[in-house]
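Asks: Chains as they are written, first to last, in UniProt numbering: chain A, 1 to 325; chain B, 1 to 325. Input: one structure, supplied below.
Number of protein chains: 2
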Amino acid sequence: MTAQPPYLELLEAVDSFPHIDISKTPYNPRVNLAFYQLLLPNDPRPHGYIHSSIVQKLKWSAAFQVSHNSPRTVQLLDDSHGEDTAAICSRAFYEVLEKAVEDKLFPFLKTMQWENYRIVGARYPTVQILRSAARLFGICSRGAHMTAYVRTNEGMKIWVGRRAAHLFTYPGKLDTTVAGGVKAEESPFECIVHEAAEEASIPADFVRANVKACGAITYVAKSSDAYGDGSDLMTPVILYNYDIELPEHIVPRPQDDEVEDFYLWDLEQVKKAMINRQFKTNCAAVMIDFFIRHGILTDENEQDYLEIVTRLHRKLPVATSASAP
Amino acid sequence: MTAQPPYLELLEAVDSFPHIDISKTPYNPRVNLAFYQLLLPNDPRPHGYIHSSIVQKLKWSAAFQVSHNSPRTVQLLDDSHGEDTAAICSRAFYEVLEKAVEDKLFPFLKTMQWENYRIVGARYPTVQILRSAARLFGICSRGAHMTAYVRTNEGMKIWVGRRAAHLFTYPGKLDTTVAGGVKAEESPFECIVHEAAEEASIPADFVRANVKACGAITYVAKSSDAYGDGSDLMTPVILYNYDIELPEHIVPRPQDDEVEDFYLWDLEQVKKAMINRQFKTNCAAVMIDFFIRHGILTDENEQDYLEIVTRLHRKLPVATSASAP
Chain A
1 MTAQPPYLEL LEAVDSFPHI DISKTPYNPR VNLAFYQLLL PNDPRPHGYI HSSIVQKLKW
61 SAAFQVSHNS PRTVQLLDDS HGEDTAAICS RAFYEVLEKA VEDKLFPFLK TMQWENYRIV
121 GARYPTVQIL RSAARLFGIC SRGAHMTAYV RTNEGMKIWV GRRAAHLFTY PGKLDTTVAG
181 GVKAEESPFE CIVHEAAEEA SIPADFVRAN VKACGAITYV AKSSDAYGDG SDLMTPVILY
241 NYDIELPEHI VPRPQDDEVE DFYLWDLEQV KKAMINRQFK TNCAAVMIDF FIRHGILTDE
301 NEQDYLEIVT RLHRKLPVAT SASAP
Chain B
1 MTAQPPYLEL LEAVDSFPHI DISKTPYNPR VNLAFYQLLL PNDPRPHGYI HSSIVQKLKW
61 SAAFQVSHNS PRTVQLLDDS HGEDTAAICS RAFYEVLEKA VEDKLFPFLK TMQWENYRIV
121 GARYPTVQIL RSAARLFGIC SRGAHMTAYV RTNEGMKIWV GRRAAHLFTY PGKLDTTVAG
181 GVKAEESPFE CIVHEAAEEA SIPADFVRAN VKACGAITYV AKSSDAYGDG SDLMTPVILY
241 NYDIELPEHI VPRPQDDEVE DFYLWDLEQV KKAMINRQFK TNCAAVMIDF FIRHGILTDE
301 NEQDYLEIVT RLHRKLPVAT SASAP
């Protein structure tokens, strides 16, 4: 039997931003804790935390009021006069980012032609912002992951994907069966249904009828070094988890060019890959949550069980519900 | 269809202790935030938080050093000289509590003849302490809950228990199918196996073979008013959750005198009972976690979904792993 994977270490690589209360951390430009709160109109709750280097670099339009007093804030003003506030907010973000693209301020911000995320917990649904800007502004990023498994005579097996070698992020790493960013206008469920068809050729009708929502994990990441800059940034992340049991005749097959192959692995093979750090970091976290929900990882076989369970559900430093105080 | 239960409100009734960082909260005897850290030998991490009123009331033996300086601490000293430190710690707690029983200091502390809890995360396994003293010392309390469900032609049904009318706590309230406190010397799994037999007449062999560990929920409770005192106290709680699918021929039946009856209810009936606050408060939390894991409560049908998911896994203010720093 394979040794137990170092689950907590795997999580620490994902939930990598320090466990501080950032809302109460004094502004200190000499260390890397130099964040401005991002505030939406008529809402005192931070929706993001923007590093001071980013605040300085961007050209803020008149729609934003930047305050260098404590607490330091970037306040989006309400210029809507009772009209469509969400659309006006979205437009204000668009214009600032469009200028940043024109000025080539950030290597990862090359085009406005990409999908939008929504600002989670905004009281004006749906405020949209360019997906790649979420990390710039410390806005919550939403993903959906589906783990497909098969009950066989030899026990449970899991469908593991391998990312294509040409991908910019985590090339060749192992992945959840199906995963994708949740676009502004869709729900996590709709996301997983179309990603399952696009990435793994699993029929949408079958997914709709059989997939099971089974919770979410949350973490706060330091920005990836994959981009060559911005390692001081923080990104709060929500991953919605879905399970689906596949009959043996439904076999995931690569459809778009993002997945190289799928493997049907037993638990020992999956654990071995976790030990060897072969998974994309956040996919290891999704797998750990799957192991917990399916009784594979338990209090009896893992001394850090409680640490792991709570670490997988970190309270995020941004608003996550429109109705919360 | 029944309206959606107020899930977040139900959780707030369970996770009722303020969301403050108690380790950093200044001692203030005029408000109710007047806690002493409980420290075990050779370990700087708090294992409990003892309210100042309790610190004053108890007669501490020479095994304890009480410091009224900041941070205020009750330090259990290492008198073991390399011998069995766990047994010596357990003995020290026993003696202080035995004296409190003799002196009739607390109405809920009538006898030493009851089960022991372990101190979670202690580096000397297994330090034991009287179950009813966990709340006195703000030590983590461990429970195990098993939800039994049946797949029927009319959809999923859940076995709900009703607590006996003579019970001291929550008489007549609805309960998880099977639940119990995890004794010092047993694992959560062993707890649920024997409780299933004792409380619900479900054969131990069947439970062993079919029950599935599926995570844990954590919360911090203010002490129950059921005891008529001590509403300033805090108790961190871990509940280990188990699911079991029952075939129609296995029917839970009351065995001991703690359960009055079992009902096989569909989801609408369970939701209605949650709305009407008929569940024991922490059993509602267990049911909410079940609803999340089984795709009944989702991001699509509940605007506070993320708040609920993270709230169910609160980071506890005490050590939960022997190996954690």
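Here a beta-carbon is modelled for each residue, glycine too, at the ideal position from N, C-alpha and C.
For chain A, find out if any of its Cβ atoms is closer than 9 Å to the Cβ of residue 414 of chain B; answer yes or no.
Replies: This structure gives no information on residue 414 of chain B, because the portion of chain B shown stretches from 1 to 325.
Asks: Who does N241 of chain B pair with in a DSSP beta bridge?
Replies: Position 241 of the second sequence, counted from the start, is the residue given in the question as residue 241 of chain B. Partner(s): B:H145.
Asks: Residues of the region 291-309 of chain B in Cβ contact with chain A at a cutoff of 8 Å, in chain order, please.
Replies: I292, R293, H294, G295, T298, D299, E300, Q303, D304, Y305, L306, E307, V309
Asks: With A260 of chain A as the anchor, note down where its alpha helix (DSSP H) starts and where it stops.
Replies: Within the first sequence, the letter at position 260 stands for residue 260 of chain A. First, the residue type needs correcting, since residue 260 of chain A is Glu and not Ala in the sequence shown. Note, E260 of chain A: premise wrong, no alpha helix (DSSP H); beta strand (DSSP E) at 259-266.
Asks: With a threshold of 9 Å between beta carbons, is residue 330 of chain B in contact with chain A?
Replies: Missing from the structure shown is residue 330 of chain B; chain B here goes from 1 to 325 and no further.
Asks: Can you find a CB in chain A that lies within less than 9 Å of the CB of P5 of chain B?
Replies: As a position in the second sequence, residue 5 of chain B is number 5, starting the count at 1. Chain A, which has no Cβ nearer than 9 Å to the Cβ of P5 of chain B, makes this no.
Asks: Does the Cβ of G161 of chain B have 16 or more other Cβ atoms within 10 Å, making it buried, or fewer, making it exposed?
Replies: Taking the first residue of the second sequence as 1, we reach residue 161 of chain B at position 161. With 16 or more other Cβ atoms within 10 Å, it is buried.
Asks: Between residue 330 of chain B and chain A, is any beta-carbon pair separated by less than 9 Å?
Replies: With chain B covering only 1 through 325, there is no way to say anything about residue 330 of chain B.
Asks: Who are the Cβ neighbours of E302 of chain A in its own chain at under 8 Å, not counting the five residues just before and after it?
Replies: Your numbering for residue 302 of chain A matches position 302 in the first sequence. Closer than 8 Å at the Cβ level, and outside the excluded window around E302 of chain A, lie Q4, Y7, I308.
Asks: Under 9 Å between the Cβ atoms of P279 of chain A and D175 of chain A?
Replies: Against the first sequence, residue 279 of chain A aligns to sequence position 279. Against the first sequence, residue 175 of chain A aligns to sequence position 175. According to the sequence as given, residue 279 of chain A is Phe; it is not Pro. Yes, they are a contact pair.
Asks: When the Cα atoms are used, what is the spatial distance from P252 of chain B to D243 of chain B?
Replies: Your numbering for residue 252 of chain B matches position 252 in the second sequence. Your numbering for residue 243 of chain B matches position 243 in the second sequence. Computed Cα separation, rounded: 14 Å.
Asks: To the nearest angstrom, how far is it from the Cα of residue 329 of chain A to the Cα of I139 of chain B?
Replies: Chain A is shown from 1 up to 325; residue 329 of chain A falls before or after that span and cannot be answered.
Asks: Which residue comes first and which comes last in the alpha helix (DSSP H) that contains T281 of chain A?
Replies: For the purposes of this step, residue 281 of chain A is taken as residue 281 along the first sequence, with counting starting at 1. T281 of chain A -> alpha helix (DSSP H) spans 281-293.
Asks: Enumerate, from N- to C-terminal direction, the unbroken beta strand (DSSP E) stretches of 3 or more residues contained entirely within the region 70-98 of chain A.
Replies: 73-76
Asks: Please identify, using Cβ separations under 7 Å, the residues of the region 187-213 of chain B that lie next to chain A, in order along the chain.
Replies: S187, P188, F189, K212, A213
Asks: Please list, in chain order, all residues of the same chain as L233 of chain B whose beta carbon is under 8 Å from its beta carbon, the five residues on each side excluded.
Replies: Along the second sequence, one-based indexing puts residue 233 of chain B at 233. Setting aside the 5 residues that flank it on each side, L233 of chain B is surrounded in the same chain by H51, I54, R135, L136, G138, K222, S223, each with a C-beta closer than 8 Å to its C-beta; the list follows chain order.
Asks: Assign W159 of chain B to buried or exposed, taking buried as 16 or more other Cβ atoms, counted over all protein chains shown, within 10 Å of its Cβ.
Replies: Position 159 of the second sequence holds residue 159 of chain B. Per the 10 Å Cβ criterion, buried.
Asks: Can you list, in chain order, the residues of its chain whose CB lies under 7 Å from that of W114 of chain A, leaving out five sequence neighbours each side?
Replies: Numbered from its first residue, the first sequence carries residue 114 of chain A at position 114. Result list for W114 of chain A: L130, R131, S132, in chain order.
Asks: Helix or strand or just coil, what does DSSP make of M112 of chain B?
Replies: As a working mapping, residue 112 of chain B is identified with position 112 in the second sequence. In the structure shown, M112 of chain B sits in coil (DSSP, three-state: anything other than H, G, I, E or B).
Asks: Use the C-beta contact count for G155 of chain B: other C-beta atoms within 10 angstroms, 16 or more gives buried, fewer gives exposed.
Replies: Indexing the second sequence from 1 puts residue 155 of chain B at position 155. In the assembly as shown, G155 of chain B is an exposed residue. Its beta-carbon has fewer than 16 other beta-carbons within 10 Å.
Asks: Assuming C140 of chain A is part of the alpha helix (DSSP H), what are its boundary residues?
Replies: By one-based count along the first sequence, residue 140 of chain A stands at place 140. Per DSSP, C140 of chain A belongs to no alpha helix (DSSP H) and is neither H nor E.
Asks: Would you be able to state if there are at least three C-beta pairs under 8 Å between the region 85-105 of chain B and the region 57-75 of chain B?
Replies: yes
Asks: C214 of chain B and R45 of chain A: beta carbons closer than 9 Å?
Replies: On the second sequence, position 214 is the one that residue 214 of chain B refers to. On the first sequence, position 45 is the one that residue 45 of chain A refers to. Their beta carbons are not under 9 Å apart, which means C214 of chain B does not touch R45 of chain A by this criterion.
Asks: So the candidates are A:A144, A:T310, A:V211; which of them puts its Cα closest to the Cα of I180 of chain A?
Replies: Sequence index remark: in the first sequence, residue 180 of chain A carries index 180 (1-based). The amino acid occupying residue 180 of chain A in the given sequence is Gly; Ile does not appear at that position. In this structure, A:A144 is the residue among A:A144, A:T310, A:V211 with its C-alpha nearest to the C-alpha of G180 of chain A.
Asks: In whole angstroms, what is the alpha-carbon distance linking G177 of chain A and R163 of chain A?
Replies: Indexing the first sequence from 1 puts residue 177 of chain A at position 177. Indexing the first sequence from 1 puts residue 163 of chain A at position 163. Gly is not the amino acid found at residue 177 of chain A; the sequence shown has Thr there. Roughly 10 Å between the two C-alpha positions.
Asks: At the level of alpha carbons, what is the spacing between I217 of chain B and F290 of chain A?
Replies: Residue mapping note: residue 217 of chain B aligns to position 217 of the second sequence, counting from 1. Residue mapping note: residue 290 of chain A aligns to position 290 of the first sequence, counting from 1. Near 16 Å, if we compare the C-alpha coordinates of F290 of chain A and I217 of chain B.
Asks: Quick one: measure Cβ to Cβ for L10 of chain B and I296 of chain B, integer angstroms, because I've assumed they're closer than 8 Å.
Replies: Sequence index remark: in the second sequence, residue 10 of chain B carries index 10 (1-based). Sequence index remark: in the second sequence, residue 296 of chain B carries index 296 (1-based). That belief does not hold up - the Cβ atoms of L10 of chain B and I296 of chain B are roughly 14 Å apart, past 8 Å.
Asks: Given that I238 of chain A touches chain B, what residues does it touch there, using C-beta distances under 7 Å?
Replies: As a first step, residue 238 of chain A must be located in the first sequence, where it is residue number 238. Within chain B, the residues near I238 of chain A are L306.
Asks: At what residues does the alpha helix (DSSP H) containing I158 of chain B begin and finish?
Replies: Here residue 158 of chain B is taken as the residue at index 158 of the second sequence, counted from 1. Careful: I158 of chain B lies outside any alpha helix (DSSP H), inside the beta strand (DSSP E) at 155-163.
Asks: Apart from the five residues just before and just after D299 of chain B, which ones in its own chain have a Cβ nearer than 6 Å to its Cβ?
Replies: Translated into positions along the second sequence, residue 299 of chain B becomes position 299. So the list reads Y305, once near-sequence residues are dropped.
Asks: Do you know how far the Cα of G121 of chain B is from the Cα of A322 of chain B?
Replies: Here residue 322 of chain B refers to the residue found at position 322 when the second sequence is read from its first residue. Here residue 121 of chain B refers to the residue found at position 121 when the second sequence is read from its first residue. Rounded to the nearest angstrom, the two C-alpha atoms are 4 Å apart.
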